Structures are given as structure tokens and as C-alpha cells.
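Trainee: In my numbering, the protein residues as written are -15 to 115.
1. To the nearest angstrom, how far is it from the Cα of residue 28 to the Cα of residue 34?
2. Confirm, please, whether the CB-CB distance from residue 108 to residue 69 is below 9 angstroms.
3. Apart from the five residues just before and just after residue 102, which ones in its own chain have a Cβ nearer than 6 angstroms to its Cβ?
4. Which whole runs of the alpha helix (DSSP H) in the stretch 33 to 80 are 4 residues long or more, in chain order?
5. At a cut of 8 angstroms, does the stretch 1 to 10 reach the stretch 74 to 81 through at least three beta carbon pairs?
6. Taking the alpha carbon of residue 54 as the point to measure from, which residue in 39, 44, 67 and 66 has its own alpha carbon closest?
7. Between the beta-carbon of residue 51 and the beta-carbon of residue 36, is there less than 9 angstroms?
8. Nearest-angstrom Cα distance between residue 112 and residue 97?
9. Let me confirm a value: residue 88 is counted as buried when at least 16 other C-beta atoms fall within 10 Å, else exposed. Which label applies?
10. Determine which residues share a DSSP beta bridge with residue 25 and list them.
11. Since residue 56 contacts residue 30 with CB under 8 angstroms, what's their CB separation in whole angstroms?
Here it is in C-alpha cells:
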């Protein structure tokens, strides 16, 4: 009788262990090819309130600078449409003022994506994220 009870107990206790540890066929879902990145040209315009040495850079792109000082700088970068790179903008003003401004405008496909103004006196440096 004890032997029958022991066998029944081990069988009942072994069922969950068997269900967890048994080998099952693996289901592999093929996601196919990864979607290709859509590259879009982004037009970036920097406009300073007074003449300044302007610089613009994005990761993986060639930096653009104004030479000599200028009041505006326009550059076009090709970036991924779903996740564009952040922009590093710099302005070093020729004649330091109390309130100097740098306006950054980013357009893609004729649509304004970002319009920001940064304020400073001698120089301005910041990172701008594109939505």
C-alpha cells in the first residue's frame, strides 16, 4: 500500500516537472527583411542677430562652418526620417553683446520640423534634437 501511495505521489509531483522540461518544437517566425531606412534631406538654417562665426555638425556628417563671420548659414544633411541625428550648433559673435540670438530652423520635405532660438552674449553652443 505504501508503495502504491509513493508511486501515485511521485507521478502527481512529476507531471508539472515533465510539462516544464519536455522538449517542444521551436516556432521560429521569420520577420522577413528589415525595413529599409528612409533617408530624407534636412535643410538647417542658422541665423544670428549680429555677425558671428557659425558652425553646424551632425553625427556621421561633415561639419559646416561660416568663413569668415556671417549672419546666416544654410546646410543640408541627409538623415534617417524616423530617427534623425541631433545637431550641434555653435555661434561665436564678432562683437560681444548683452543679448545676442541664434535662430535654428530645420525643414524636411518642405515641412518645418524645428524652430528654436538660443540666447547668449559672446558665444552660444547647444545640441538641438529634431523631432
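Quick reminder that beta carbons are idealized off the backbone N, C-alpha and C, glycines included. None of the values given here were measured: they were computed from a predicted structure.
Mentor: Taking the geometry as given:
1. CA-to-CA, the gap between residue 28 and residue 34 works out to about 18 angstroms.
2. With respect to residue 108, residue 69 sits apart: the two C-beta atoms are not nearer than 9 angstroms.
3. Closer than 6 angstroms at the Cβ level, and outside the excluded window around residue 102, lie 86, 108 and 110.
4. Within the stretch 33 to 80, no complete alpha helix (DSSP H) run reaches 4 residues.
5. No, the stretch 1 to 10 does not touch the stretch 74 to 81.
6. The option with the nearest alpha carbon to residue 54 is 39.
7. Contact check for residue 51 against residue 36 fails: the beta carbons are separated by 9 angstroms or more.
8. The C-alpha of residue 97 is placed about 12 angstroms away from the C-alpha of residue 112.
9. So residue 88 ends up on the buried side.
10. In DSSP, residue 25 forms a bridge with 62.
11. So it is a contact: roughly 6 angstroms between Cβ atoms.
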